[in-house]
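Inspection log for the structure reproduced underneath, given as structure tokens.
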Amino acid sequence: MPQIAGPGRGGPLRVHDTATGTVREVHPEGGRARLYVCGITPYDATHMGHAATYVTFDLLIRVWLDAGLDVTYVQNVTDIDEPLLERATRDGVDWQDLAAGQISLFQEDMEALNVLAPEHYVGAIEGIPDDVEAVRHLLAEGTAYSLPAEDGRGEDVYLDLATQPSFGAVSGWSREEMFEVFAERGGDPDRPGKRDRLDPLLWRAHREGEPHWPGGPLGEGRPGWHIECTTIALRYLGESFDVQGGGTDLIFPHHEMSAVQAQALTGAPFAGAYVHQAMVGLDGEKMSKSKGNLVLVSALRREGVDPMAIRLALLSQHYRTPWDWTQRILEEAVERLAAWRAVVGGQAVAGGAGADSADGGVNGAPGAEGSLVTELRTALATDLDSPAALRAVDAWAAAGGPGDRAAVAVAVEALLGVRL
Ligand code: 5CA
Ligand code: ZN
Numbered sequence: 032m033p034q035i036a037g038p039g040r041g042g043p044l045r046v047h048d049t050a051t052g053t054v055r056e057v058h059p060e061g062g063r064a065r066l067y068v069c070g071i072t073p074y075d076a077t078h079m080g081h082a083a084t085y086v087t088f089d090l091l092i093r094v095w096l097d098a099g100l101d102v103t104y105v106q107n108v109t110d111i112d113e114p115l116l117e118r119a120t121r122d123g124v125d126w127q128d129l130a131a132g133q134i135s136l137f138q139e140d141m142e143a144l145n146v147l148a149p150e151h152y153v154g155a156i157e158g159i160p161d162d163v164e165a166v167r168h169l170l171a172e173g174t175a176y177s178l179p180a181e182d183g184r185g186e187d188v189y190l191d192l193a194t195q196p197s198f199g200a201v202s203g204w205s206r207e208e209m210f211e212v213f214a215e216r217g218g219d220p221d222r223p224g225k226r227d228r229l230d231p232l233l234w235r236a237h238r239e240g241e242p243h244w245p246g247g248p249l250g251e252g253r254p255g256w257h258i259e260c261t262t263i264a265l266r267y268l269g270e271s272f273d274v275q276g277g278g279t280d281l282i283f284p285h286h287e288m289s290a291v292q293a294q295a296l297t298g299a300p301f302a303g304a305y306v307h308q309a310m311v312g313l314d315g316e317k318m319s320k321s322k323g324n325l326v327l328v329s330a331l332r333r334e335g336v337d338p339m340a341i342r343l344a345l346l347s348q349h350y351r352t353p354w355d356w357t358q359r360i361l362e363e364a365v366e367r368l369a370a371w372r373a374v375v376g377g378q379a380v381a382g383g384a385g386a387d388s389a390d391g392g393v394n395g396a397p398g399a400e401g402s403l404v405t406e407l408r409t410a411l412a413t414d415l416d417s418p419a420a421l422r423a424v425d426a427w428a429a430a431g432g433p434g435d436r437a438a439v440a441v442a443v444e445a446l447l448g449v450r451l
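In my numbering, each residue's number is its place in the sequence shown (first place is 1) plus 31.
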């Protein structure tokens with residue numbers, strides 16, 4: 032990741048870890064931080080929930096960079112999965128064309144929101160050879176088992192959770208809680224023959240009319256959803272990387288299963304911390320492609336909304352609190368952006384706190400801008416408290432923008448990703 036120029040250095044990041052239920056310091060030794068964030072399933076355009084997730088992890092990266100760490104950031108794209116195939120069939124389009132179009136739109140949206148691109152952006156299809164190798168290994172170890180497909184022409188493979196004592200460590204959920212969402216989130220609890228109804232699918236044998244890839248000893252087929260993220264993360268980040276990220280809708284089964292599969296493969300914990308963005312909704316319901324209640328980044332951009340205002344709207348809500356997108360939140364962000372820009376682009380304010388701008392701030396003794404930068408750093412390093420960071424800039428702007436305004440603009444972009 033690029034180093035972001037800014038004055039001085041920020042302190043170590045503290046962030047909420049779902050697995051321990053605590054806010055913990057995540058500041059790896061050795062100067063390199065490793066992050067994996069679950070990417071999109073590319074069958075529909077980026078909505079505010081996705082955008083909130085990727086802006087949150089962008090903030091996390093910016094705090095790490097500001098603290099002097101190098102960051103290796105990996106994201107997958109689920110370019111083969113049930114919902115993508117269903118949507119393509121429904122709309123009578125080729126699933127590969129659908130995915131390619133949505134992936135470019137997502138990347139344009141992210142760029143517009145000034146979200147730093149991952150170093151490795153890896154498609155599930157690209158990862159299939161690693162999945163095959165992983166599943167073969169688990170079968171050989173006796174931690175996975177096969178079941179004949181309904182048509183009798185191939186075998187599906189499942190992880191045997193009973194062999195994995197770490198199962199449950201990510202979510203901390205009871206089995207009852209797990210069953211409540213397992214089926215609706217891609218699980219197949221009623222598949223006959225499974226040893227545990229929660230066992231995750233590792234490999235699905237080829238069925239008539241479904242896309243398929245060579246699986247070597249597994250035969251033709253395609254990987255299950257969770258193994259995709261397990262193998263991509265292990266290949267590009269290695270064992271026990273620092274943060275696994277995504278929305279809270281992925282805590283179970285996705286992150287639980289990706290982690291337990293990694294543990295089965297390597298014997299080591301998958302990640303050091305599991306960080307989750309709360310769900311963004313619309314009118315009291317989770318915003319989701321399957322429900323169709325969407326506010327799209329691309330649609331707002333087409334209407335001429337400044338992407339920096341969209342970013343500010345997302346940052347105005349704390350990542351751990353579920354919230355509903357409203358027009359009011361966007362309007363406030365538009366006003367805030369205009370207010371900040373007016374101060375940063377304006378002439379120096381006479382007298383008062385503005386008088387100390389002469390000391391330069393950036394590398395010299397901290398002036399008014401220096402104390403603002405310290406406030407921003409403290410807010411963000413304290414469990415990514417973006418609302419507090421925005422309030423600090425508001426207060427500075429309301430005071431007429433004392434100190435070196437150009438230095439403030441640099442810090443606001445470096446830390447918050449907002450271009451003034
Ligand atoms: N491809 C999988 C992950 S491997 C997937 O969940 N794709 S997705 O397109 O459905 O979601 C992309 C990311 O946005 C995920 O991290 C997901 O947790 C997050 N997300 C989805 N809906 C919301 C929402 N309403 N609010 C916040 N985050 C969301
Ligand atoms: Zn994932």
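The beta-carbon is built from N, C-alpha and C at its ideal position, and this holds for glycine as well.
Contact belief for residue i with residue j at Cβ below 8 Å, rounded distance in angstroms
i      : j      : result
Tyr273 : Leu66  : The sequence shown places Asp at residue 273, rather than the Tyr named in the question. That pair is a contact at about 6 Å.
Arg63  : Thr103 : 6 Å
Trp354 : Val424 : Going by Cβ atoms, the distance from Trp354 to Val424 rounds to 20 Å, so no, they are not a contact pair.
Val375 : Arg436 : 5 Å
Arg238 : Trp244 : Wrong, their Cβ atoms sit about 13 Å apart, outside the cutoff.
Val105 : Ala264 : 6 Å
Leu129 : Tyr85  : The pair is not a contact, with the Cβ atoms about 21 Å apart (cut-off 8 Å).
Leu325 : Ile341 : That belief does not hold up - the Cβ atoms of Leu325 and Ile341 are roughly 14 Å apart, past 8 Å.
Asp161 : Thr262 : 4 Å
Phe283 : Trp204 : 6 Å
Ala236 : Gly185 : 3 Å
Minimum Cβ-Cβ distance from residue i to chain C less than 8 Å
i      : result
Asp221 : Although the question refers to chain C, the structure presented lacks it and comprises just one protein chain.
Alpha carbon of residue i to alpha carbon of residue j, nearest angstrom
i      : j      : result
Tyr152 : Arg450 : 25 Å
Val328 : Tyr176 : 43 Å
His286 : Leu115 : 20 Å
Ala83  : Asn145 : 13 Å
Asn107 : Gly158 : 9 Å
Asp414 : Asp337 : 27 Å
Asn394 : Arg40  : Annotation note: pLDDT 40 at Asn394 (below 50); position unreliable, coordinate value reported separately. If I take the Cα positions, the gap works out to 11 Å.
Asp416 : Arg222 : 44 Å
Leu321 : His78  : One detail in the question is off: residue 321 reads as Ser in this sequence, not Leu. Between Ser321 and His78, the C-alpha separation is close to 12 Å.
Ala200 : Gly154 : 27 Å
Glu139 : Ser197 : 39 Å
Leu232 : Thr120 : 23 Å
Ala442 : Glu406 : 11 Å
Thr409 : Gly434 : 19 Å
Gln133 : Lys317 : 21 Å
Ala420 : Arg367 : 13 Å
Asp466 : Trp256 : As shown, the chain starts at 32 and ends at 451. That puts residue 466 outside it, with no answer to give.
Glu60  : Leu96  : 14 Å
Enclosing alpha helix (DSSP H) for residue i [first to last residue]
i      : result
Thr261 : 256–268
Trp234 : Looking at the DSSP string, Trp234 is not in any alpha helix (DSSP H); the run it does join, the beta strand (DSSP E), is 232–236.
Tyr85  : 79–97
Val54  : Counting along the chain, Val54 falls outside any alpha helix (DSSP H), though it belongs to the beta strand (DSSP E) covering 53–56.
Gln133 : 126–143
Leu170 : 159–172
Leu331 : 328–333
Leu361 : 358–376
Thr297 : 287–297
Pro338 : 338–346
Ala442 : 436–442
Terminal residues of the beta strand (DSSP E) in which residue i lies
i      : result
Ser402 : Run containing Ser402: none in the beta strand (DSSP E); it sits in the alpha helix (DSSP H), 399–412.
His151 : 151–154
Thr120 : Not the beta strand (DSSP E): Thr120 falls in the alpha helix (DSSP H), residues 113–122.
Ala428 : Where Ala428 is concerned, there is no enclosing beta strand (DSSP E), although the alpha helix (DSSP H) it sits in stretches over 417–429.
Gly278 : 272–278
Val460 : Not covered by the structure: residue 460. The range shown for the chain is 32 to 451.
Arg45  : 45–48
Arg65  : 63–68
Same chain, Cβ closer than 7 Å to residue i, neighbours up to 5 away in sequence not counted
i      : result
Asp191 : Thr174, Ala175, Tyr176, Arg226, Asp230
Gly315 : Asp355
His81  : Ile71
Own chain, CB closer than 6 Å to residue i, minus 5 neighbours either side, in chain order
i      : result
Arg55  : Asp48
Leu178 : Asp187, Gly224
Ser319 : none
Neighbourhood of residue i by C-beta distance below 8 Å, restricted to the same chain and skipping five residues each side
i      : result
Arg93  : Ile35, Leu147, Leu411, Ala445, Leu446, Leu447, Gly448
Phe210 : Pro220, Arg228, Leu229
Asp387 : Note that Asp387 has pLDDT 43, beneath the 50 cutoff, so the model's placement of it is unreliable and the number below is only indicative. Closer than 8 Å at the Cβ level, and outside the excluded window around Asp387, lie Gly398, Ala399, Pro433, Gly434.
Arg206 : Leu229
Gly42  : Ala98, Arg408, Thr409, Ala412
Ala440 : Val375, Leu451
Ala193 : Arg226, Asp227
Leu100 : His58, Pro59, Gly62, Arg63, Ala64
(request) Specify whether the segment 307–318 and the segment 259–271 touch according to this definition: at least 3 beta carbon pairs, one from each stretch, less than 8 Å apart. (result) Result no; under three Cβ-Cβ pairs closer than 8 Å.
(message) Using 8 Å as the cut-off, can you tell me whether the segment 334–348 makes contact with the segment 289–306, which would need three or more C-beta pairs spanning the two stretches below that distance?
(response) No, they do not touch.
(message) Using a Cβ distance threshold of 8 Å, determine whether the segment 275–286 contacts the segment 240–249, with at least three qualifying pairs required.
(response) Here the segment 275–286 makes no contact with the segment 240–249; the two share fewer than three CB pairs at distances below 8 Å.
(message) Residues around the ligand PLP, please: the ones whose beta-carbon is closer than 6 Å to some heavy atom of it, in chain order.
(response) This structure lacks the ligand PLP; its bound ligands are the ligand 5CA and the ligand ZN.
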